[in-house]
Every structure is written in C-alpha cells, then in structure tokens.
Amino acid sequence: AAPGGDARLDQLPIRENLRGKSPYGAPQLTVPVQLNTNENPHPPTQALIDDVAESVREAARELHRYPDRDAVALRTDLAAYLARQTGVPVTVENVWAANGSNEILQQLLQAFAGPGRSAMGFVPSYSMHPIIADGTDTQWLPVFRGADFALDVDAAVAAIADRRPDVVFVTSPNNPTGHSVGIADLRRVLDAAPGVVIVDEAYAEFSEAPSAMTLIDEYPAKLVVTRTMSKAFAFAGGRLGYLAAAPAFIEALLLVRLPYHLSVVTQAAARAALRHADETLGSVHALAAERVRVSKALADSGFHVIPSDANFVLFGEFTDAARAWQAYLDRGVLIRDVGIPGFLRATVGLASENDAFITASDELAATEL
Ligand code: PMP
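So full-length UniProt numbering is basically just the index in the sequence shown, starting at one, shifted up by 2.
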C-alpha cells in the first residue's frame, strides 16, 4: 500500500467548495476507435514531426536557461495565424498563450473572477468551465439551455441582467452541442454583460461562422476570445492554447501567470507546428465533410442529431445513455457520455473510424437502449 494511504480525501482540510466534487474525467481507454475527446484524428505529417524534432533539438541547447517568459516569438506567430484566419489584424500585443486553453481560462478566472465573484455559463457546455470556476473559488452560475440546446439569447440576456456575473462564458461552436453563436447574438450578450465575456472558440476552425474576434475593437474592455491548437491543429498532445483580446487583458494576465509557464520545448514545438498550419488545417474540410456524412447516417438510422458546426455530433435519444455508451464500447467504439440524459457525443474521426461508429449505431438503433 502507498505510504499515507490511510488518510482519506474528506479528512483533508480542503476548501469547502471543493468537497464532494468530481475531477475532469474523460475515460482514457485504449480501444480500436477513439471518438471521445474531439481531437483531430489525422496524425501529424512526417514533415511536421521532423520539424518539431529538429526545433526541439535546437531548443534543447538552451535547456539550462529559463524560457522566454513572455513567449514573444510564439505569440507573434499565433497573431499572424489569427490575422490570416479571421481577417482581424491582431498583433503580438493582442495574443497570449499558455499550456492549453484550459490554462488560459484558469488565468482569466484568476484575474477577473475568484472569491466573491461569479461566472455564468449556458449549459450544457464545456465541462471544464465550472471546474475551473471551482478551482478559482468563483461562484458558478449555470443557465440551462432549452430542448434544442441552442443559445437562447433572450434568456441569456435576462439571466445576465438578473445575476450580473463578473464573467460570462459563451462557447462557439458549443461543446457538446455543436452550435455556433452569430455576431449579432454575441453583441447582445456583450451589451448586457457588466464584466468580461469569454468566447471559447476551441472549435472555430471547423465552423463557417465569423470569429468573435471581429468584435474586439468594439468591446475592448469586455471581450476575450480563446482558442486552442488541440483541435483543428492536431496538437492536443503539445498543450498550447491562446487568446486574442485588447492588449490590456494581456497586462492583466501577466499578474497571475506563473513565470516561465511555457517551456522551451513547448514554445519550440508549437512554433514548428504553426509553420505547417496550412497542411494541418487541410484536414478540417475533410472532417467537416465526414461530420455531414456521420450526421446523415445517424439520422437515417432514426437518431435525433443536433446540427453541429464542430468536429463532433450530439445525438440520441437513448432510454439509458450510460448503457448505450457501454454498448458502443463493447463494439470497440469509445464515444462520450457528457451527462445529458438520453444523449451521447461522438467525435468525427477518420472515414474508417466513422464507418465503425456508423455500423455500431445501426446495430444499436435496432435495440432497446
Ligand atoms: N474549450 C472547449 C470548448 C473544449 O472543448 C476544450 C477541449 N475539450 C478546451 C477548451 C480545452 O482544450 P485545451 O486545454 O486542450 O486547449
């Protein structure tokens, strides 16, 4: 037994707001078809692997020194990518980077939320938003979406006016439901919000909708747009998230970030991956086409499919989603039970993986699950 194994979690003097909570827990299982964490299923090209390896080898000469604390070269590259992708002329001063957008979100709540403050989200949405709120001792204010899972902007604006949250999360496209939020609707949320509005655009590259970044100049003291290299960029293992906002937001985050949070290795690898952005992002169109194919196949089998702009689909309805999830797993297909009664979420994979998922879905559609 491990030394100290007699002490139980509930005996520790943990903060009250963390008692009884569950950690983030997407199962990490080794099965043939893994469609559960919304990664890009296309492995890196040999050219990208070689470039990352060579860049890290070069960077390793400096491993005895701390990295560039402000990651200026990487942020400059990210700004160039964002300007190209969105048409919004952001520069290095508008961009901040961290170990995954989860760390970005945590830094934002550290600076703009925390004890005595609140954050609102429109649920179901990304499960880490409330977990990061708990971790930063921020009061979490969930507002429930209607039966179609779309963002009800009237309800959102009313809830914001009623609760006056310090931070509002809008996820676009929303995980796990797949809807994008249009610019006119975002303006209404921004006009209503008394504090910061974080638009979480982790899946933006999969959507045709314009980026919220087009609104930064209009709402410089309110709007933050977060992004990640984990999804479209096929760099989930590299851990690199970033944001675009007015330069003052980056000044605020410098107050809470840990010094040298992005390692020499991370910065070098991310810059190398960015040099291959065009080839990597080439897979986005293929994945969008596969999303259409998977959605149609599910609908043809009689499932209710929520229209998605992202690289996943939410579908149902099952009598018992947990049992259905297990039935997929028994067929070698790992998808995600996101805790919405009757629904499961499947990431769009490679064509062969999607075929396996569709075959399993056909079988399950015919059974009482
Ligand atoms: N936001 C959303 C909406 C997500 O779905 C995810 C990943 N599941 C993230 C942020 C965080 O991703 P990462 O930390 O890998 O950038």
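For each residue, glycine too, the CB sits at the ideal point set by N, CA and C.
Open item on the list: Can you look up PHE320 in the DSSP assignment and give me helix, strand or coil?
Closed with: Here residue 320 refers to the residue found at position 318 when the sequence shown is read from its first residue. Looking at PHE320 - three-state DSSP - the assignment turns out to be coil, as it is neither helix nor strand.
Task: Sequence-ordered residues whose beta carbon comes within less than 6 Å of a heavy atom of ligand 1 - done: ASN40, GLY102, SER103, ASN104, TYR128, THR173, ASN177, ASP202, ALA204, THR230, SER232, ALA238 and GLY243
Task: In DSSP terms, what HIS287 is bridged to - done: Numbered from 1 along the sequence shown, position 285 holds the residue referred to as residue 287. The partner list for HIS287 (beta bridge, DSSP) is empty, contrary to what the question assumes.
- [ ] Flag this pair as touching only if the segment 335 to 347 and the segment 269 to 281 have three or more C-beta atom pairs under 8 Å; answer yes or no.
- [x] no
Open item on the list: Which of the three DSSP states is assigned to MET215 in this structure?
Closed with: Position 213 of the sequence shown, counted from the first residue, corresponds to residue 215. Three-state result, MET215: helix.
Task: Option in ARG229, SER57, ALA49 and ALA161 with minimal Cα separation from LEU84 - done: Taking the first residue of the sequence shown as position 1, residue 84 is located at position 82. It is ARG229.
Task: Integer-rounded CB distance, given that ALA270 should sit under 8 Å from VAL74 - done: Here residue 74 refers to the residue found at position 72 of the sequence shown. Here residue 270 refers to the residue found at position 268 of the sequence shown. The Cβ separation is near 14 Å, so there is no contact.
- [ ] Decide yes or no for the touch test of the segment 226 to 244 against the segment 57 to 72: beta carbon pairs closer than 8 Å, at least 3 of them.
- [x] no
Task: Span of the alpha helix (DSSP H) around VAL226 - done: The residue you call residue 226 lines up with position 224 of the sequence shown. Careful: VAL226 lies outside any alpha helix (DSSP H), inside the beta strand (DSSP E) at 225 to 230.
Task: Neighbourhood of SER310 by C-beta, 8 Å cutoff - its chain only, sequence neighbours within 5 removed - done: Walking along the sequence shown from the start, residue 310 turns up at place 308. Excluding sequence neighbours, SER310 sits near PRO175, THR179, GLY180, HIS181, ARG293, SER297 and LEU316.
Open item on the list: Comparing C-alpha positions only, which one of THR93, ALA158 and THR349 sits nearest to MET122?
Closed with: Position 120 of the sequence shown, counted from the first residue, corresponds to residue 122. Looking at the Cα atoms, ALA158 is the closest of the given residues.
TODO: Determine the contact status of ALA299 and ILE200, defining contact as a CB-CB distance below 8 Å.
DONE: Residue 299 sits at position 297 when you count from the first residue of the sequence shown. Residue 200 sits at position 198 when you count from the first residue of the sequence shown. Result no, Cβ atoms of ALA299 and ILE200 do not sit closer than 8 Å.
- [ ] Look up ALA9 in the DSSP assignment and say whether it is helix, strand or coil.
- [x] Position 7 of the sequence shown holds residue 9. If DSSP states are grouped into helix, strand and coil, ALA9 belongs with coil.
TODO: Could you say which of LYS23, VAL35, PRO43 and GLN36 lies nearest to ALA288 if we only look at CA atoms?
DONE: Stepping through the sequence shown from its first residue, residue 288 is reached at position 286. If we check each option's Cα against that of ALA288, PRO43 comes out closest.
- [ ] Evaluate ARG304 with the Cβ neighbour count: other Cβ atoms within 10 Å of its Cβ, from every protein chain shown; 16 or more gives buried, anything less gives exposed.
- [x] Reading the sequence shown from its first residue, position 302 is the one you call residue 304. Note that residue 304 is Gly in the sequence shown, not Arg. Flag for GLY304 reads exposed.
Task: Residues near ALA135 by beta carbon distance below 6 Å, same chain, minus five either side - done: As a working mapping, residue 135 is identified with position 133 in the sequence shown. Excluding residues within five positions, the ones whose Cβ falls inside 6 Å are ALA121 and TRP142.
Open item on the list: Am I right that GLN108 and THR140 are in contact with their C-beta atoms under 8 Å? What's the rounded C-beta distance?
Closed with: In the sequence shown, residue 108 corresponds to position 106, counting from 1. In the sequence shown, residue 140 corresponds to position 138, counting from 1. About 10 Å; that fails the 8 Å criterion.
Task: Whether ILE106 touches LEU264 by CB criterion (8 Å) - done: Within the sequence shown, residue 106 is the residue found at index 104, counting from 1. Within the sequence shown, residue 264 is the residue found at index 262, counting from 1. Contact: no.
Task: Cα-Cα separation between ALA362 and LEU37, rounded to whole angstroms - done: For the purposes of this step, residue 362 is identified with residue 360 of the sequence shown, where counting begins at 1. For the purposes of this step, residue 37 is identified with residue 35 of the sequence shown, where counting begins at 1. Going from the Cα of ALA362 to the Cα of LEU37 covers about 13 Å.
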